[in-house]
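Q: Mapping of the sequence shown onto this note's numbering: position 120 corresponds to residue 360, and the numbering continues sequentially without gaps.
Every residue gets a Cβ at the ideal spot worked out from N, C-alpha and C, and that includes glycine.
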Amino acid sequence: MRPISISRWQWAKASMLHGLAFTAIALLLALQYLPYIQTYSGLGHTYLTAAFIGQIGLLCLLFTLLNVLITWLVKQLWLASIAAWLISGTGLLLLYVDTEVYSLYRFHLGAFVWSLVFGEGASQVIDLSWYTIFITTLKVGAILTVNGLALWWAIRTTLQNRWRGSRWLYTSIVLACFVSANALHIWYDAHGNAEIRAMTRHLPLYQPATAVDFLTRQGWIDPRTVVQTPNLTVAASNSLNYPDHGYPITTDAAPNIVFLAVDAWRGDNLDPTTTPFTYSLTQRQNAQWFQDHISGGNVTKGGVFSLFYALPPTYWDSFTALQRPAVFIRTLQENNYQLGIYGSSTLINPTFHRNVFSSVTDLRKDTPGNTPYERDKQITDDFIRFSAGAEKPFFSFLFYDAAHGYAPPPDFAPKFEPYWERVDHVALGPDFDPAPYKNRYRTALRYVDTQIERVIRHLEQTNQLDNTIVVITSDHGEEFNETGKNYWGHGSNFTEHQIHVPLLILWPGKAQQTFTHRTTHYDLVPTIMHEGLGIATPMAEYSTGRSLFDEVSHQWALVHSYFNYGVVMQDRIITTYPTGNYEVSDPNLNPTDKTMPAATSLEVLKDITRFYAD
Numbered sequence: 241m242r243p244i245s246i247s248r249w250q251w252a253k254a255s256m257l258h259g260l261a262f263t264a265i266a267l268l269l270a271l272q273y274l275p276y277i278q279t280y281s282g283l284g285h286t287y288l289t290a291a292f293i294g295q296i297g298l299l300c301l302l303f304t305l306l307n308v309l310i311t312w313l314v315k316q317l318w319l320a321s322i323a324a325w326l327i328s329g330t331g332l333l334l335l336y337v338d339t340e341v342y343s344l345y346r347f348h349l350g351a352f353v354w355s356l357v358f359g360e361g362a363s364q365v366i367d368l369s370w371y372t373i374f375i376t377t378l379k380v381g382a383i384l385t386v387n388g389l390a391l392w393w394a395i396r397t398t399l400q401n402r403w404r405g406s407r408w409l410y411t412s413i414v415l416a417c418f419v420s421a422n423a424l425h426i427w428y429d430a431h432g433n434a435e436i437r438a439m440t441r442h443l444p445l446y447q448p449a450t451a452v453d454f455l456t457r458q459g460w461i462d463p464r465t466v467v468q469t470p471n472l473t474v475a476a477s478n479s480l481n482y483p484d485h486g487y488p489i490t491t492d493a494a495p496n497i498v499f500l501a502v503d504a505w506r507g508d509n510l511d512p513t514t515t516p517f518t519y520s521l522t523q524r525q526n527a528q529w530f531q532d533h534i535s536g537g538n539v540t541k542g543g544v545f546s547l548f549y550a551l552p553p554t555y556w557d558s559f560t561a562l563q564r565p566a567v568f569i570r571t572l573q574e575n576n577y578q579l580g581i582y583g584s585s586t587l588i589n590p591t592f593h594r595n596v597f598s599s600v601t602d603l604r605k606d607t608p609g610n611t612p613y614e615r616d617k618q619i620t621d622d623f624i625r626f627s628a629g630a631e632k633p634f635f636s637f638l639f640y641d642a643a644h645g646y647a648p649p650p651d652f653a654p655k656f657e658p659y660w661e662r663v664d665h666v667a668l669g670p671d672f673d674p675a676p677y678k679n680r681y682r683t684a685l686r687y688v689d690t691q692i693e694r695v696i697r698h699l700e701q702t703n704q705l706d707n708t709i710v711v712i713t714s715d716h717g718e719e720f721n722e723t724g725k726n727y728w729g730h731g732s733n734f735t736e737h738q739i740h741v742p743l744l745i746l747w748p749g750k751a752q753q754t755f756t757h758r759t760t761h762y763d764l765v766p767t768i769m770h771e772g773l774g775i776a777t778p779m780a781e782y783s784t785g786r787s788l789f790d791e792v793s794h795q796w797a798l799v800h801s802y803f804n805y806g807v808v809m810q811d812r813i814i815t816t817y818p819t820g821n822y823e824v825s826d827p828n829l830n831p832t833d834k835t836m837p838a839a840t841s842l843e844v845l846k847d848i849t850r851f852y853a854d
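1) Shortest alpha-carbon distance to G331 belongs to which of A320, N307, Y342 and V314?
2) What residue range is occupied by the uninterrupted beta strand (DSSP E) comprising A449?
3) Tell me which residue opens and which closes the beta strand (DSSP E) that R758 is part of.
4) Report the CB separation of G731 from Y817 in whole angstroms; it is logged as a contact under 8 Å.
5) Let me know if V765 comes out buried or exposed under the rule of 16 or more other beta-carbons within 10 Å of its beta-carbon.
6) Have a look at L547 and W728 and give me their C-alpha separation to the nearest angstrom.
7) Rounded to a whole number of angstroms, what is the C-alpha to C-alpha distance between V365 and G543?
8) Is it true that the stretch 603 to 621 meets the stretch 643 to 656, where meeting means three or more beta-carbon pairs spaced less than 8 Å apart?
9) Tell me whether Y218 is buried or exposed, calling it buried when 16 or more other Cβ atoms sit within 10 Å of its Cβ.
10) Express the C-alpha separation of F292 and I709 in angstroms, rounding to a whole number.
11) Sorted by chain position, which residues of the same chain lie with C-beta nearer than 8 Å to Q563's C-beta, five sequence neighbours on each side aside?
12) Leaving out the 5 sequence neighbours to the left and right, which residues in its chain are closer than 6 Å to L670 when beta-carbon positions are compared?
13) Is it right to say N830 is buried, meaning 16 or more other beta carbons lie within 10 angstroms of its own, or is it exposed?
14) Quick one, are the C-beta atoms of P552 and T784 less than 8 Å apart?
15) To which residues does DSSP link N496 through a beta bridge?
16) Which residues in the same chain have their Cβ closer than 6 Å to the Cβ of A550, if we skip the five residues on either side of it in sequence?
17) What is the DSSP secondary structure of P818, reduced to helix, strand or coil?
18) Give me the Cα-Cα distance between A416 and G294, rounded to the nearest whole angstrom.
19) With distance defined between alpha-carbon atoms, name the residue in H348, V314, L268 and V498 nearest to L445.
20) May I have the straight-line CA-CA distance separating K846 from H740, to the nearest angstrom?
21) Between the stretch 383 to 390 and the stretch 257 to 277, do three or more beta carbon pairs fall short of 8 Å?
22) In angstroms with no decimal places, state the Cα-to-Cα distance between N576 and A628.
23) Using C-beta distances below 6 Å, list every residue in its chain close to N422, excluding the 5 sequence neighbours before and after it, in chain order.
24) When you compare only the Cα positions, how much space is there between L333 and T372?
25) Classify T377: buried if its beta carbon has 16 or more other beta carbons within 10 angstroms, exposed otherwise.
26) Return helix, strand or coil for I768, following the three-state DSSP convention.
27) Helix, strand or coil for F634 per DSSP?
28) Would you kindly report the start and end of the unbroken beta strand (DSSP E) that includes V807?
29) Can you grab the Cα-Cα spacing for the pair A430 / F454, in whole Å?
30) Let's see if you can read the secondary structure: which residues bound the alpha helix (DSSP H) around W556?
31) So the candidates are V799, K834 and R812; which of them puts its Cα closest to the Cα of V844?
Okay, structure coming up:
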């Protein structure tokens, strides 16, 4: 059988024809972005159509041009075909994964996602069921198969000279849409059109053009009509104006301090049914219960950082680069505290070993155990041994993971019913009944509640509880589509479901109190250092927080996510983006005509910059 020969010109034509089919497949995959883009006018629909076709089409065109380049590098048809199939298939798979990530978390693929999936300790951070893996594998196989058939069709059609249409027509349409979308964005961005501006973040790698200064200089727009967007993004600096030392403790008897943190614990699930033992602690004579407490993050990275540093997690990169530990940890070390740091999940992803605990030389970064519930039990066992043998004041941090992993022991009872026996993330959607899923989560919380009980009972039995400040809290909340906008889990918005967490403190010497004013993670460490350790240094020297017992609610709270942050107020949520833009919604994520108050913008900028030295 004579091998099929193809000229370079024929291969270039086949690549362009395949590019047409490749773009059609990509546009079909990208339709998954559209349910999350809100349009209200004919202008909005027009812009979205142009931006959608232009951006997705342009990305496909780049892959197509790469395939055309193969024409000049590879002469063998079979080898060039495999290379083209792999290149275009990679593009489609990246797009597919991005749509799946976006549907759950509302952000696109980036360095953080890759580090989360492939970095150290990833197996403890991400846990997928066999069914989810199976369905995903089928989808991946289908995408690659369809792409292969499209390539085969393009080559066959070209060799038989059966295509009568213009191979450049789709390129012209894509470029026309791309240029039109950018032209519309230039004009309406300058006039502050919120509908147009809000669409930018939804499309992958989309950075439309702006030209406010140019339009103003040409006299084409009245500068008085230009709506300026406050710049709420600040570049990180490796020069910090932050203490590199601790402070002397002045109390007569230094108390033990124990942080019991439960990953992904919603504030409204500190209740007598879900966590009966912990709820009973709220009624103890020295319990300080803060019912409207906000974390500094809707993800672990921001939640833990804000808890220990009492600073916005916007400083994360700088503190990590310098490996600058939290003043709180350094204060404990310089005052001869014994430290027992126990993370059920790894402490190297996120990289807490390079910031919060960077000064702890013997830090245990991982805990043995195959499942979250096994590791949760292990860290409780380890703490009991550690505290029983402590010969001087100690600090301990226990970070439980079973609720985050929806992973109670299989034989744990009672379970909340109806109960989802196997978590399949591919089943989640706007019409999915959240009750079985949430009941599995609540069952895991109940299991963690038994571990908290073990800790408290041990401290009681060893007569240590009367000299121990016990903090019980979480890094972030967890959402089950309460807003009806297909948000599940955390890290995807700044509603109360993802940022409201419990805060209960057993504080020796204080009378039982329940507080309803708004507090934040930024307030915890300054309060303990001032009232628990007798440190008179002004809180503002090392934090952005204030005393938890200052019964005036915070008017706003800064909450960090994976790559952006939100400013949460009582009646609105301001969500910022790395582009410098922001969106304003009501507490249920519905659009609102309210804006970011100018005074609040200045206060936010002050908090996210004042600990930089330059």
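A: This is what the structure holds:
1) Numbered from its first residue, the sequence shown carries residue 331 at position 91. Checking every option, the nearest Cα to that of G331 belongs to N307.
2) Counting from 1 along the sequence shown, the entry for residue 449 is found at position 209. It is not in any beta strand (DSSP E) - A449 carries neither H nor E in the DSSP assignment.
3) As a first step, residue 758 must be located in the sequence shown, where it is residue number 518. Run containing R758: Q753 to T760, per the beta strand (DSSP E) assignment.
4) Reading the sequence shown from its first residue, position 491 is the one you call residue 731. Reading the sequence shown from its first residue, position 577 is the one you call residue 817. Their Cβ separation, rounded to whole angstroms, is 15 Å, which puts G731 and Y817 out of contact at 8 Å.
5) Along the sequence shown, read from residue 1 onward, the residue named residue 765 stands at position 525. That one is buried.
6) The residue you call residue 547 lines up with position 307 of the sequence shown. The residue you call residue 728 lines up with position 488 of the sequence shown. Using only the alpha carbons, I get a separation of about 24 Å.
7) The residue labelled residue 365 in the question sits at position 125 within the sequence shown. The residue labelled residue 543 in the question sits at position 303 within the sequence shown. Interpretation of V365 is limited by its pLDDT of 49, a score under 50 that renders its predicted location unreliable; the figure taken from the coordinates is listed afterwards. Using only the alpha carbons, I get a separation of about 15 Å.
8) yes
9) In the structure as shown, the chain begins at 241 and stops at 854. Residue 218 is therefore absent and cannot be evaluated.
10) As a first step, residue 709 is located in the sequence shown; it is residue number 469 there, counting from the start. As a first step, residue 292 is located in the sequence shown; it is residue number 52 there, counting from the start. Whole-angstrom Cα-Cα distance: 54 Å.
11) Along the sequence shown, read from residue 1 onward, the residue named residue 563 stands at position 323. Same-chain partners within the cutoff: R594, N595 and S598.
12) Here residue 670 refers to the residue found at position 430 when the sequence shown is read from its first residue. In the sequence under discussion, the amino acid at residue 670 is Pro, which differs from the Leu named in the question. Contacts found: N726.
13) As a first step, residue 830 must be located in the sequence shown, where it is residue number 590. So N830 counts as exposed.
14) Position 312 of the sequence shown holds residue 552. Position 544 of the sequence shown holds residue 784. Yes, these two residues count as a Cβ contact at 8 Å.
15) Residue mapping note: residue 496 aligns to position 256 of the sequence shown, counting from 1. Paired residue(s): T708.
16) Indexing the sequence shown from 1 puts residue 550 at position 310. Y762, V765, P766, S783 and G785, listed in sequence order.
17) Taking the first residue of the sequence shown as 1, we reach residue 818 at position 578. Coil.
18) In the sequence shown, counting from the first residue as 1, residue 416 sits at position 176. In the sequence shown, counting from the first residue as 1, residue 294 sits at position 54. Using only the alpha carbons, I get a separation of about 7 Å.
19) Counted from its first residue, the sequence shown places residue 445 at position 205. Nearest C-alpha to L445: H348.
20) Numbered from its first residue, the sequence shown carries residue 846 at position 606. Numbered from its first residue, the sequence shown carries residue 740 at position 500. Between K846 and H740, the C-alpha separation is close to 24 Å.
21) yes
22) Indexing the sequence shown from 1 puts residue 576 at position 336. Indexing the sequence shown from 1 puts residue 628 at position 388. Cα to Cα, N576 sits roughly 17 Å from A628.
23) The sequence position of residue 422 within the sequence shown is 182, counting from 1. So the qualifying residues of the chain are P448 and A449.
24) Position 93 of the sequence shown, counted from the start, is the residue given in the question as residue 333. Position 132 of the sequence shown, counted from the start, is the residue given in the question as residue 372. So the alpha carbons of these two residues sit roughly 16 Å apart.
25) Counting from 1 along the sequence shown, the entry for residue 377 is found at position 137. Burial call: exposed.
26) The residue given as residue 768 occupies position 528 in the sequence shown. Here I768 sits in helix by DSSP.
27) Numbered from its first residue, the sequence shown carries residue 634 at position 394. Residue state, collapsed to three classes: strand.
28) Counted from its first residue, the sequence shown places residue 807 at position 567. V807 -> beta strand (DSSP E) spans Y805 to M809.
29) The count along the sequence shown starts at 1 and reaches residue 430 at position 190. The count along the sequence shown starts at 1 and reaches residue 454 at position 214. The straight-line gap from Cα to Cα measures roughly 10 Å.
30) Counting from 1 along the sequence shown, the entry for residue 556 is found at position 316. Its alpha helix (DSSP H) spans residues W556 to L562.
31) For the purposes of this step, residue 844 is taken as residue 604 along the sequence shown, with counting starting at 1. Of V799, K834 and R812, the residue nearest in Cα terms is V799.
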